[in-house]
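Colleague: In the UniProt record's numbering, the protein residues as written are 1 to 153.
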């Protein structure tokens, strides 16, 4: 059991049922799904938001429970093919946004010890994730700084 920055246990989800084909009730054309994914990305939605919108709203009124089953491609692969992907991986971007937001809060509230700790933990996560992505999605010489994070966002 790996605990990172808290005494609580991590959240675990139930296993998805194994499926090789999209359900019969969701017979949406793969090209229509791809076009909708690109359209949502151009509206500024992240890959996870796109998946939720396709699940809830669907394409042409038909929900798409799993983009990968419907198109044989992940949402990020579709975005890469159509040059609609953002420059940063979604998880890294979310951590950078959190770090910038916490840093701004700390400048306004310098005695907030809890958020100081949250900022330290978030910046540690950013550095670990930067190590993971460095060379592939990030430049080989990428170093996290608050100023650099503000530039990227």
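Virtual Cβ for every residue (Gly too), placed ideally from N, Cα, C.
Computed from a predicted model, the values in this text were never measured in an experiment.
Among the residues of its own chain, which have a CB less than 7 Å from the CB of residue 5, if the five just before and after it don't count?
Modeller: Along the chain shown, one-based indexing puts residue 5 at 5. Closer than 7 Å at Cβ, skipping near neighbours: 121.
Colleague: In the structure shown, what three-state DSSP assignment does residue 9 receive?
Modeller: Taking the chain shown and counting its residues from 1, one reaches residue 9 at position 9. Coil at residue 9, not helix or strand.
Colleague: Quick check: the region 55-73 against the region 25-36, are at least 3 beta-carbon pairs closer than 8 Å?
Modeller: Under the 8 Å Cβ criterion, the region 25-36 counts as touching the region 55-73, having at least three qualifying pairs.
Colleague: Tell me the rounded alpha-carbon separation between residue 1 and residue 13.
Modeller: Along the chain shown, read from residue 1 onward, the residue named residue 1 stands at position 1. Along the chain shown, read from residue 1 onward, the residue named residue 13 stands at position 13. Its pLDDT being 47, under 50, residue 1 is placed unreliably in this model, and the coordinates cannot settle the point.
Colleague: Quick one: using the 10 Å Cβ neighbour count with 16 as the cut-off for buried, is residue 110 buried or exposed?
Modeller: Walking along the chain shown from the start, residue 110 turns up at place 110. Classification of residue 110: exposed, given that the 10 Å Cβ count is below 16.
Colleague: Measure how close the beta-carbons of residue 70 and residue 41 come, nearest whole angstrom, since I'm counting them as under 8 Å.
Modeller: Against the chain shown, residue 70 aligns to sequence position 70. Against the chain shown, residue 41 aligns to sequence position 41. So it is not a contact: roughly 16 Å between Cβ atoms.
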